[in-house]
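Trainee:
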Amino acid sequence: MQSRESYSMKECRADFPILNEKINGQPLIYLDSAATAQKPAKVLAKVQDYYQHQNANVHRGVYTLSQAATDLYEGARNQVQAFINAADWTEVLFTRGTTESINWVSTAYGQQHLQAGDEILVSYLEHHSNLVPWQVLAQQTGAKLRYVELDEAGRLDLVDLRHKLNPSTKIVALTHVSNVTGVINPIAQITSWAHQVGAVVVVDGAQAAPHLPVDVQALDADFYAFSGHKLMGPTGIGVLYGKKALLEEIPPVQYGGEMIEYVGLDEATFQPLPWRFEAGTPNIAGAIGLGAAIEYLRSIGMAQIAANEAQLTTYALKKLGAIEGLQIYGPTNGQNRTGVITFNLADIHPHDVATALDQEGIEVRAGHHCAQPLMRYLGVTATVRVSLYLYNTAAEIDRLVASLVAIKEYFVDDFT
Amino acid sequence: MTLHNLDQLYRQVIMTYAKHPHHFQSLSADTGQAVTKYNPTCGDLIKLTLVIENGRVQDLSFDGDGCAIFKASASMMTDLINHKSIEEVQRLSQQFSAMMTDGQTSAALGDACSLIGVRKFPTRIKCATLSWHALDELLIQN
Ligand SMILES: Cc1ncc(COP(=O)(O)O)c(C=O)c1O
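For the record, the sequence lines run as chains D and R. Numbering-wise, UniProt numbering puts 261 at position 261 of the first sequence, and it's gapless, one number per residue. Numbering-wise, UniProt numbering puts 54 at position 54 of the second sequence, and it's gapless, one number per residue.
Structure (structure tokens):
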């Protein structure tokens, strides 16, 4: 374990050029990977290489360069398929990100399949992007939005979930990992219950795919969404996985070039999956960069990444928990959670904590983390959030902890 | 530690206001005219209530939740505008806005001048201006 951990700390850090930056005169300590991850040099090089050597539009030209670009783009789709173990490459759709992926499901699948009296089951853990699309769908169709409660540790109350599942439940939309508390939901268990009542399960994998091995077949997820930028790829590229049988029956969300076959004056026929959903010139460089990110992550191994992160998370929880006046929201042990840790320090407002940490070169998030219902559920208006990835180290946690102690002294002791 | 940089932002006078805000939750809910403003990026929330009689602020209160800069700024603002005429309040609001955008201070702003240091922390300017935006909105409604 020790040698593997030192691998992730030393060699892997060198793969991320941005980690050499200074912020406010201090070495950058980046603790906001849940917002977006830093990119390894290989990903940057791959994107640059594409623009420099293979740039052409895809699925269009008969010429060699276009074929090269198409091969790279479609190659990235195959990499995604392997990464999430999809049964078929046509089940992988490229989108702009998690938000767009979920919106595609709520508009294309949801509007076709829901009617008044149906139920959509979500939880208090959801990010706004796995909540607002369902609110709107419920308003449009007359369906009812129901919330699964949480237990004291901030995990899904599975008894409540089972009670709320019934034959009217048509969609269960849940996050795989919370972007606020880091809890990992037992998706495989939940899909088996949901399928018993005939519901379709939409999984927000934005915080899971970058940190855990994800196998959509083992999870038996009907739809699975994630963003490239949170797993070290470029911004503006994401994935919607859907079971083939489901994707085949839903209409495209957008219409235009690339997604058509024959266009007459009054109507057109559409391409088969997956292109039927990808109208217009896609984010080619983004997809290629995402492929490179996946290759990078797989070269280390997702199980290894998860194990290293669990170790660092346990360390961070212990160190942070020892600071007097610091309250952690969500589970305080390292089990079944990722390295997203949310807390408040004494009575100091999270913005003030974040500004002070920024002076130390430590970049953390402060606010409601796009999860206002969860914040109200926890009884807070804002929190500080640190989130870890494989380039973070125990030494960085020590710097964080020392800074938090100094900040507490600064605000609490100096100004009373 | 480089926390001494923070002294430009969190001056003693600012922290005193933040810890012991004036006119905080001081009116019962149903008096005066109220406006609620929210900063969705960070969650700062203010409810500002003014009692205006004969073109003058007679009483006022703020409620809400936010960081030290937000609380101090709102508190300083309520001190400044209490018992002032609408015209004076409007002038003060323009002067505060000029200070935050161009860095010009004016003596009329009193302790609120201490917030000029916030300009060095661009991500925090909105914390200082939220209460003044709430005030502007109330004046427009008036
Ligand atoms: C759990 C969760 N879902 C959805 C999103 C939205 O992702 P994106 O902004 O990349 O569409 C995020 C990230 O902000 C997230 O953490």
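Glycine included, C-beta positions come from ideal geometry on N, C-alpha and C.
Taking residue 69(D) and residue 55(D) to be in contact with their CB atoms under 8 angstroms, please state how far apart those CB atoms are, rounded to whole angstroms.
Mentor: Contact flag correct, Cβ pair sits at about 7 angstroms.
Trainee: Would you kindly report the start and end of the unbroken alpha helix (DSSP H) that includes residue 159(D)?
Mentor: Segment 158 to 164, the alpha helix (DSSP H) holding residue 159(D).
Trainee: Along the chain, where does the beta strand (DSSP E) containing residue 242(D) start, and where does it finish?
Mentor: Unbroken beta strand (DSSP E) run through residue 242(D): 238 to 242.
Trainee: Below 8 angstroms CB to CB, which residues in the same chain sit around residue 137(R) once its five sequence neighbours on both sides are set aside?
Mentor: 35, 37, listed in sequence order.
Trainee: Mind pulling the chain D residues with CB within less than 9 angstroms of residue 49(R)?
Mentor: The premise fails here: residue 49(R) is roughly 19 angstroms from chain D at the closest Cβ pair, so nothing lies under 9 angstroms.
Trainee: Quick check: the segment 47 to 57 of chain R against the segment 376 to 393 of chain D, are there 3 or more CB pairs under 8 angstroms?
Mentor: Short answer: they don't touch.
Trainee: Give a yes or no on whether the minimum CB-CB distance between residue 5(R) and chain D is below 8 angstroms.
Mentor: Yes, its Cβ sits closer than 8 angstroms to a Cβ of chain D.
Trainee: For the segment 376 to 392 of chain D, which residues have a CB atom closer than 7 angstroms to at least one CB atom of chain R, in sequence order?
Mentor: Cβ contacts with chain R: 381, 382.
Trainee: What did DSSP end up calling residue 32(D) once you bin it into helix, strand or coil?
Mentor: Strand, per DSSP.
Trainee: Which residues in chain R sit within 8 angstroms of residue 407(D), going by Cβ to Cβ distance?
Mentor: Result: 3.
Trainee: Going along the segment 52 to 73 of chain R in order, which residues come within less than 7 angstroms of chain D, judged by CB to CB distance?
Mentor: Cβ contacts with chain D: 65, 66, 67, 68.
Trainee: Please identify the residue among 28(D), 283(D), 124(D) whose C-alpha is closest to the C-alpha of residue 59(D).
Mentor: Considering only alpha carbons, the answer is 283(D).
Trainee: Considering only their Cβ atoms, is the gap separating residue 342(D) from residue 238(D) smaller than 8 angstroms?
Mentor: Cβ atoms of residue 238(D) and residue 342(D): not closer than 8 angstroms.
Trainee: For ligand 1, is there a heavy atom less than 7 angstroms away from the beta-carbon of residue 129(D)?
Mentor: Residue 129(D) Cβ: within cutoff of ligand 1.
Trainee: Give the DSSP-derived three-state secondary structure of residue 5(R) in the structure shown.
Mentor: Of the three classes helix, strand and coil, the one that applies to residue 5(R) here is helix, per DSSP.
Trainee: Exposed or buried, which one is residue 62(D) when buried takes at least 16 other CB atoms within 10 Å?
Mentor: Per the 10 Å Cβ criterion, exposed.
Trainee: Among 165(D), 307(D), 366(D), 113(D), which has the Cα closest to the Cα of residue 190(D)?
Mentor: Residue 165(D) is the option with its Cα nearest to residue 190(D).
Trainee: Using a Cβ-Cβ cutoff of 8 angstroms, what residues of the segment 118 to 142 of chain R are near chain D? List them in chain order.
Mentor: Those residues of the segment 118 to 142 of chain R that come within reach of chain D (Cβ to Cβ, closer than 8 angstroms) are 121, 123, 124, 127.
Trainee: Determine the closest residue to residue 157(D) out of 382(D), 123(D), 90(D), with distance taken between C-alpha atoms.
Mentor: Considering only alpha carbons, the answer is 123(D).
Trainee: Between the segment 338 to 362 of chain D and chain R, which residues of the former have a C-beta closer than 7 angstroms to a C-beta of the latter?
Mentor: Cβ contacts with chain R: 349, 351, 352, 355, 356, 359, 360.
Trainee: What is the rounded straight-line gap between the Cα of residue 130(D) and the Cα of residue 225(D)?
Mentor: Going from the Cα of residue 130(D) to the Cα of residue 225(D) covers about 10 angstroms.
Trainee: Quick one: is residue 365(D) buried, meaning 16 or more other Cβ sit within 10 Å of its Cβ, or exposed?
Mentor: Buried, by the Cβ-count rule.
Trainee: Could you check whether residue 33(D) and residue 387(D) sit closer than 8 angstroms to each other, using their CB atoms as the reference points?
Mentor: Result yes, Cβ atoms of residue 387(D) and residue 33(D) sit closer than 8 angstroms.
Trainee: Have a look at the DSSP bridge pairing and note the partners of residue 344(D).
Mentor: Answer is 327(D), bridged to residue 344(D).
Trainee: Going residue by residue through the segment 293 to 320 of chain D, where are the continuous alpha helix (DSSP H) segments of at least 4 residues, counting only ones entirely within it?
Mentor: Qualifying alpha helix (DSSP H) stretches: none in this window.
Trainee: Work out the CA separation of residue 384(D) and residue 396(D) for me, nearest whole Å.
Mentor: Residue 396(D) and residue 384(D): Cα-Cα distance of roughly 16 angstroms.
Trainee: Report the three-state DSSP secondary structure of residue 276(D) (helix, strand or coil).
Mentor: Reduced to three states, the DSSP call for residue 276(D) is helix.
Trainee: Which word fits residue 140(R), buried or exposed, when buried means at least 16 other C-beta atoms lie within 10 angstroms of its C-beta?
Mentor: Flag for residue 140(R) reads exposed.
Trainee: Within 8 angstroms (strictly less), CB to CB, does residue 43(R) reach chain D?
Mentor: Closer than 8 angstroms to some Cβ of chain D, the Cβ of residue 43(R) qualifies, so yes.
Trainee: Using the three-state DSSP reduction, which class does residue 71(R) fall into: helix, strand or coil?
Mentor: Note: residue 71(R) maps to helix in three-state DSSP.
Trainee: For ligand 1, any of its heavy atoms closer than 7 angstroms to the Cβ of residue 179(D)?
Mentor: Flag set: Cβ of residue 179(D) near ligand 1.
Trainee: Would residue 410(D) pass as an interface residue toward chain R - the criterion being a Cβ-Cβ separation below 8 angstroms?
Mentor: By this cut-off, residue 410(D) is an interface position.
Trainee: Can you name the residues of chain R whose CB is closer than 8 angstroms to the CB of residue 367(D)?
Mentor: Simply 41, 42, 43.
Trainee: Is there a Cβ of chain B sitting closer than 8 angstroms to that of residue 9(R), yes or no?
Mentor: Going by chain labels, chain B is absent from the structure shown, which instead holds the protein chains D and R.
Trainee: Mind checking whether residue 308(D) and residue 215(D) have CB atoms under 8 angstroms apart?
Mentor: No, the Cβ-Cβ distance between residue 308(D) and residue 215(D) is not below 8 angstroms.
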